[in-house]
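Just so we're aligned, residue 31 is where the sequence shown starts under my numbering, counting upward by one.
Ideal Cβ positions, reconstructed from N, Cα and C, are used throughout, including at glycine.
Please read these numbers as outputs of a predicted model, since none were measured by experiment.
First comes the structure, then the notes that go with it.
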Amino acid sequence: MLKKMHFYDREAPDVVAETLAGSKTESAGWMRHSFGADAPQCHEVHMPPGFRTAIHAHLEDEIVYVVGGELIMGQRTLGPGSSVYIPGNTLYSFIAGQNGVSFINFRPRGDQTQFNRDEFATLQTLQGADREAFIQANAAANRARYGLD
């Protein structure tokens with residue numbers, strides 16, 4: 031018996047194309063491929079030359095696979111065909127190279143969290159219901175910020 035499969039066709043009329051909100055990110059865009067909170071997700075991301083992400087963390091592990099341009103993380107420059115594994119709850123940042131960057135971000139489950147450095151520090155001090163409420167508030171704020179509701 032075949033399990034239920036999900037397809038994402040970028041040429042289909044229901045494709046979700048987003049522009050990242052905020053003055054520093056308006057020229058960066060992404061397309062999300064997500065099929066629920068417990069299913070794997072990926073994001074197809076395109077960033078212009080010199081685009082710099084703020085330091086941030088997500089709850090879920092990630093694999094970033096570069097398909098075009100260059101992604102600079104610290105002293106490492108990743109070109110097409112390169113990838114980086116980022117464990118969940120890890121603060122990181124990167125810069126798009128001189129020709130920009132296109133990459134695919136894979137996560138094992140739907141994850142709409144994005145904690146800046148201060149939020150991440152707060153998260154580390156919380157437990158139980160307080161921690162869960164903080165996570166849910168962060169995810170809700172990100173859904174609203176990126177128009178995912």
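8 Å Cβ cutoff met for residue i and residue j
i: residue 131; j: residue 100; result: yes
i: residue 133; j: residue 96; result: yes
i: residue 143; j: residue 169; result: yes
i: residue 120; j: residue 87; result: yes
i: residue 94; j: residue 125; result: no
i: residue 72; j: residue 135; result: yes
i: residue 110; j: residue 98; result: yes
i: residue 85; j: residue 123; result: yes
i: residue 74; j: residue 139; result: no
Residue burial classification, residue i (beta-carbon count within 10 angstroms, cutoff 16)
i: residue 127; result: buried
i: residue 26; result: This structure cannot speak to residue 26, because the chain is shown only from 31 to 179.
i: residue 32; result: Residue placement at residue 32 cannot be trusted, given a pLDDT of 47 that sits under 50; the coordinates are not used to answer.
i: residue 156; result: exposed
i: residue 83; result: buried
i: residue 141; result: buried
Simplified DSSP assignment, three categories, for residue i
i: residue 157; result: coil
i: residue 85; result: coil
i: residue 139; result: coil
i: residue 133; result: strand
i: residue 144; result: coil
i: residue 126; result: strand
i: residue 162; result: helix
i: residue 55; result: In this prediction, residue 55 has a pLDDT of 43, which is less than 50 and means its spatial position is unreliable; what the coordinates show is noted afterwards. Coil, per DSSP.
Any non-hydrogen atom of the ligand ZN within 7 Å of residue i CB
i: residue 113; result: What this structure holds is no ligand at all, so the ligand ZN is not there to describe.
Limits of the unbroken beta strand (DSSP E) element including residue i
i: residue 99; result: 92-103
i: residue 122; result: Careful: residue 122 lies outside any beta strand (DSSP E) and carries neither H nor E.
i: residue 113; result: 113-116
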